[in-house]
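Colleague: Start counting the sequence shown at -8; every next residue gets the next number (this note's numbering). Built from N, CA and C at the ideal position, the CB exists for glycine as well. None of these values were measured; they are calculated from a predicted model.
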Amino acid sequence: MLINIHCAKCIGIEAVPVVVEVDITVGLGIHLVGLADVAVKESLLRTITALQSMGFRIPGRKIIINLAPADMHKKGSGYDVPIALGIIKASGQRQLPLLDKFIIMGELGLDGTIREVPGALPVAELAREEGLSGCILPVMAACEAAEYEGIDIYGVDNLWDVLRILDGELSCDDLLIRNRMNLHGRLYAEGFDNDGAERPGAGREDCMGWDGAGGVGAGGAGGAGGVGVGGRLPDRSDRGQIIDFEDIIGQESAKRGVEIAAAGGHNVILIGPPGSGKSSLAKAMAGILPPMTKEESLQTSKIYSVAGKGNPSGGLIRQRPFRAPHYSASIAALIGGGSDNILPGEISLAHNGVLMIDEFCEAPKKVLEVLRAPMEDRKVTISRLKSKIEYPADFMLVAATNPCPCGYYGEGDRCTCTPSRRIAYLSKLSGPIMDRIDIQLWMSPVDPKRLVGRQKEEASADVAARVLRAREIQKKRFADDNQASGGATFCNAAMTGRQIEKYCPLCEECRQVLERILERMGLSARACSRIIKLARTIADLESCPDILPRHLSEAAGYRFLDKQNIFG
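Dropping the structure here:
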């Protein structure tokens, strides 16, 4: 009897259908076909051992297992559970009448336990698109997938629970992780309001009604729906404490530039000697960025899900990513790679967040040039012989670098570099790269008097409030465009040329100011557009409906590398 089981394979951040076909016929042996890699072939021995340890018999006949479609490579251990279920049903040991209603994924242990697999979010999305009832996934993968509405997600930690579900012996109340709507937003109730904005201080226990055993009590906000996943849901843990603006002494002009960058999603480079606070200020940016919307959280979580780096506590990633790869990272580490299973790199992992590269000018020039296309297109395309994968990469670049090889230019006689060495050092910052960096900030050492007689600095919370107000203005500005075209413009830095014409009209005085700026600095058309975008953000921070000449002048002032030789 031929048995079909639905499963999936992730290509980029999308999942495509895979069907495990199992047939038992005359002959001997177990045969796996369908372009399975070594890991999938090894799973046969693991699956057979698990079935035997659970008391199931292995038929003494020929077992043919086909992974369809046969022209697509299959990788990973997620096909263990579908293969085991196919053998059980094809041999007549269980009826499993609901087997064709679900996408089923999971790695089997030798004792029948089910281990985690990556890609839960794309798999859940595929199940909904295919019109299936839902998914049966490992516990933590199910916690991720439960964020999708309209399908049932079961979280299991052993094969027995899967069999009971497919036999109809386990009801939804026993083992179903309800979708977001029924649970009033499970994780969103913990940290998001109805509009998708994060609400600080919302607690899981208050909205979910967690009982002492790690389940959801009847009194929780989820109403009649409970979470029972065949095991404990571990507590979430937010990322470690980030640097607060009030911990950074002085550097008011640099703080202003970083605030503007956060408000409009602009790229920024910090240049200055060691100890001036470049790295600290870059890390502090994470504390002033606006919270992610539901859509942004889903996008980011899908990337981390396929990379196998999902939230360790289950559910969506709610904090904006902050990635800080070492400057010696390879091109593949930045953009992603792999022969067949192409995984996202640091650029995509920073999607909807911050990509910080310290010691920017120490990185190989070839690596720096790789950033050019993603910074402009907000996506990464990785091509291989038989495949081409596209990952989103809408990140804010925060680069930090010393002004010269020794690092001490600008500190009196401490610099030992010749002028030619200084110029050669910054020559890695090519014109195309600098065109894409809207804000260029020079950071001088802090006055010792400020360090000794420390004054109270402005806290990140105050800066974040201004940033959030500016982002709300931008959200309303682009709402109609996004709805009409299905676009995803949420901040000024992402404006297209047509949107610049529409939302950044310049009065005659502004046009004259901009013309003088372009003539004096010799900027490219791309740099001109970025100055206008930056001026729009400065106006938004002031809640000013129109761009004024002072906004353009301030925006141009953040491009000091374009207008002068900083080495005098």
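Secondary structure at Lys66, three-state DSSP: helix, strand or coil?
Modeller: Coil at Lys66, not helix or strand.
Colleague: Quickly, what does DSSP pair Leu258 with across the bridge? List them, please.
Modeller: One point to set straight first is that residue 258 is Asn, not Leu, in the sequence displayed. None; Asn258 has no bridge partner.
Colleague: When the Cα atoms are used, what is the spatial distance from Ile2 to Ala61?
Modeller: Distance between the alpha carbons of Ile2 and Ala61: 16 Å.
Colleague: Quickly, what does DSSP pair Lys370 with across the bridge? List them, please.
Modeller: Paired residue(s): Pro383.
Colleague: Can you tell me whether Ile308 is helix, strand or coil according to DSSP?
Modeller: Coil.
Colleague: In this structure, how does DSSP classify Gly205 when only helix, strand and coil are distinguished?
Modeller: Summary for Gly205: the model assigns pLDDT 30, below 50, so the residue's position carries little reliability, and this model does not support an answer.
Colleague: Out of curiosity, what's the CA-to-CA distance linking Arg314 and Arg527?
Modeller: In a straight line, the C-alpha of Arg314 is about 27 Å away from that of Arg527.
Colleague: Kindly give me the distance between the Cβ atoms of Gly328 and Gly336, rounded to whole angstroms, as I take these residues to be in contact under 8 Å.
Modeller: About 7 Å; that satisfies the 8 Å criterion.
Colleague: When we look at the beta-carbon of Leu505 and count the other beta-carbons within 10 Å, is it buried (16 or more) or exposed?
Modeller: Counting Cβ neighbours within 10 Å, Leu505 comes out buried, since at least 16 surround it.
Colleague: Which full runs of the beta strand (DSSP E) of 3+ residues lie inside the segment 78 to 156, going along the chain?
Modeller: Whole beta strand (DSSP E) segments, 3+ residues: 93 to 95, 125 to 129 and 143 to 147.
Colleague: Would you check if the segment 371 to 382 and the segment 249 to 269 touch, i.e. whether three or more CB-CB distances between them fall below 8 Å?
Modeller: Touching, no.
Colleague: For the segment 494 to 513 against the segment 410 to 430, do three or more pairs of beta-carbon atoms, one drawn from each stretch, fall closer than 8 Å, so that the two count as touching?
Modeller: As far as the Cβ criterion goes, the segment 494 to 513 does not touch the segment 410 to 430, which means the pair count is below three.
Colleague: Quick one: what's got a C-beta closer than 6 Å to Lys300's C-beta in the same chain, skipping five residues either side?
Modeller: Nothing meets the Cβ criterion.
Colleague: Who are the Cβ neighbours of Gln84 in its own chain at under 8 Å, not counting the five residues just before and after it?
Modeller: Result list for Gln84: Phe47 and Arg48, in chain order.
Colleague: Judging by CA-CA distance, which residue of Ile424, Ile294, Ser520 and Ile142 is the nearest neighbour of Pro383?
Modeller: Cα-wise, what sits closest to Pro383 is Ile294.
Colleague: If I follow the unbroken beta strand (DSSP E) through Thr291, where does it start and stop?
Modeller: Careful: Thr291 lies outside any beta strand (DSSP E), inside the alpha helix (DSSP H) at Lys285 to Val297.
Colleague: With burial defined as no fewer than 16 other Cβ atoms inside 10 Å of the residue's Cβ, what is the status of Ser534: buried or exposed?
Modeller: It is exposed - the Cβ of Ser534 has fewer than 16 other Cβ atoms within 10 Å.
Colleague: Would you decide whether Lys80 is buried or exposed? Buried here means 16 or more other CB atoms lie within 10 Å of its CB.
Modeller: Per the 10 Å Cβ criterion, buried.
Colleague: Give every residue of the same chain whose Cβ lies closer than 6 Å to the Cβ of Ala455, excluding the five residues on either side of it in the sequence, and list them in chain order.
Modeller: Closer than 6 Å at Cβ, skipping near neighbours: Ile279.
Colleague: Should Thr16 go down as buried or exposed, given a rule of 16 or more other Cβ atoms within 10 Å for buried?
Modeller: Burial call: exposed.
Colleague: Since Thr16 is in the alpha helix (DSSP H), which residue starts that stretch and which ends it?
Modeller: Taken as a continuous stretch (DSSP letters only), Thr16 belongs to no alpha helix (DSSP H), being part of the beta strand (DSSP E) at Glu5 to Thr16.
Colleague: Is it buried or exposed, Val7, if we count other Cβ atoms within 10 angstroms and call 16 or more buried?
Modeller: Val7 comes out exposed.
Colleague: Pull up the CB-CB distance for Val10 and His(-3), whole angstroms please, since I reckon it's below 8 Å.
Modeller: So it is a contact: roughly 6 Å between Cβ atoms.
Colleague: Using the three-state DSSP reduction, which class does Ile348 fall into: helix, strand or coil?
Modeller: Ile348 falls in the strand class under three-state DSSP.
Colleague: Suppose you measure from the CA of Ser421 to the CA of Ile508; what does that come to, to the nearest Å?
Modeller: Going by the C-alpha atoms only, they are around 21 Å apart.
Colleague: How far does the beta strand (DSSP E) with Ile233 in it extend, from its first residue to its last?
Modeller: Segment: none, Ile233 is in no beta strand (DSSP E) and carries neither H nor E.
Colleague: Restricting to runs no shorter than 3 residues, where is the beta strand (DSSP E) found entirely within the segment 17 to 69?
Modeller: Runs of the beta strand (DSSP E) inside the segment 17 to 69: 21 to 24 and 53 to 59.
Colleague: For Ser296 versus Gly110, is the C-beta spacing smaller than 8 Å?
Modeller: Their beta carbons are under 8 Å apart, which means Ser296 touches Gly110 by this criterion.
Colleague: Taking the alpha-carbon positions, what's the Pro540 to Glu287 distance?
Modeller: Those two C-alpha atoms are separated by around 34 Å.
Colleague: Given this structure, state the Cα-to-Cα distance separating Ile240 from Gly403, to the nearest angstrom.
Modeller: Their Cα atoms are separated by approximately 21 Å.
Colleague: Can you name the start and end residues of the beta strand (DSSP E) that Ile430 belongs to?
Modeller: First-last of the beta strand (DSSP E) with Ile430: Ile430 to Trp433.
Colleague: Since Arg37 and Asp71 should fall inside the 8 Å C-beta cutoff, what is the C-beta to C-beta distance between them, to a whole number of angstroms?
Modeller: The Cβ separation is near 6 Å, so the contact holds.
Colleague: Answer yes if the segment 265 to 279 comes into contact with the segment 476 to 491, meaning at least three C-beta pairs across the two stretches below 8 Å, and no otherwise.
Modeller: These segments do not touch.
Colleague: Tell me where the alpha helix (DSSP H) around Cys519 begins and ends.
Modeller: Residues Ala516 to Leu532.
Colleague: Just grab the DSSP bridge partners of Val389 for me.
Modeller: BP columns for Val389 point to Val259 and Met347.
Colleague: Helix, strand or coil for Ala315? Go by DSSP, reduced to three states.
Modeller: Reduced to three states, the DSSP call for Ala315 is coil.
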